[in-house]
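Colleague: One gets my numbering by counting positions in the sequence shown from 1 and adding 20 to each. For every residue, glycine included, the Cβ atom is placed at its ideal position computed from N, Cα and C. Below: one structure in C-alpha cells.
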Amino acid sequence: MKKNLKTLNLLLISFIFICQQKCYAAGIGASSTIAKFFFAMFGVIVSSLAIFLGLKIYQKFILKTNVKFDNIDYDKTLQSPKDFKEAVNLFLDKTNK
C-alpha cells in the first residue's frame with residue numbers, strides 16, 4: 021500500500037511539474053499571482069481526491085474485515101439521558117454490569 025502511495029505521489033508531482041513547464045513554454049507565466057493560485061488549488065483538489073480514495077479503499081478492504089457489525093445494537097437511541105438516574109442506568113447497561 022505504501023509503495024502505491026509513493027508511486028501515486030511521484031506521478032502527481034511529475035504531472036504538476038509538466039503542467040508548469042508547459043505554462044512557461046506557452047508564455048502564460050506561472051509567476052503571476054493568478055496562475056500560482058490555480059496551481060495551488062489544483063494541488064488541493066488532487067490531494068483531496070487522493071485522501072478520499074485512500075480512505076475509501078481503507079474502508080472497503082481493511083475496515084470491513086476488522087469491524088464486526090454483529091455487536092452493534094441499533095435499537096438503542098443516541099439521546100442523552102435526562103437525569104442522573106437515567107445516566108447511571110445507561111452507563112451500567114453499556115458496561116454490562
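(1) Taking C-beta to C-beta, are F59 and I82 nearer than 8 Å?
(2) Tell me the DSSP secondary structure of D113 in three-state form.
(3) If the criterion is Cβ atoms closer than 8 Å, does the pair V66 and L32 meet it?
(4) Taking only three categories from DSSP, how would you classify S100?
Modeller: On the basis of the data shown:
(1) In the sequence shown, the residue the question calls residue 59 occupies position 39. In the sequence shown, the residue the question calls residue 82 occupies position 62. No, the Cβ-Cβ distance between F59 and I82 is not below 8 Å.
(2) Position 93 of the sequence shown holds residue 113. D113 falls in the helix class under three-state DSSP.
(3) Counted from its first residue, the sequence shown places residue 66 at position 46. Counted from its first residue, the sequence shown places residue 32 at position 12. Yes, these two residues count as a Cβ contact at 8 Å.
(4) As a first step, residue 100 is located in the sequence shown; it is residue number 80 there, counting from the start. Reduced to three states, the DSSP call for S100 is coil.
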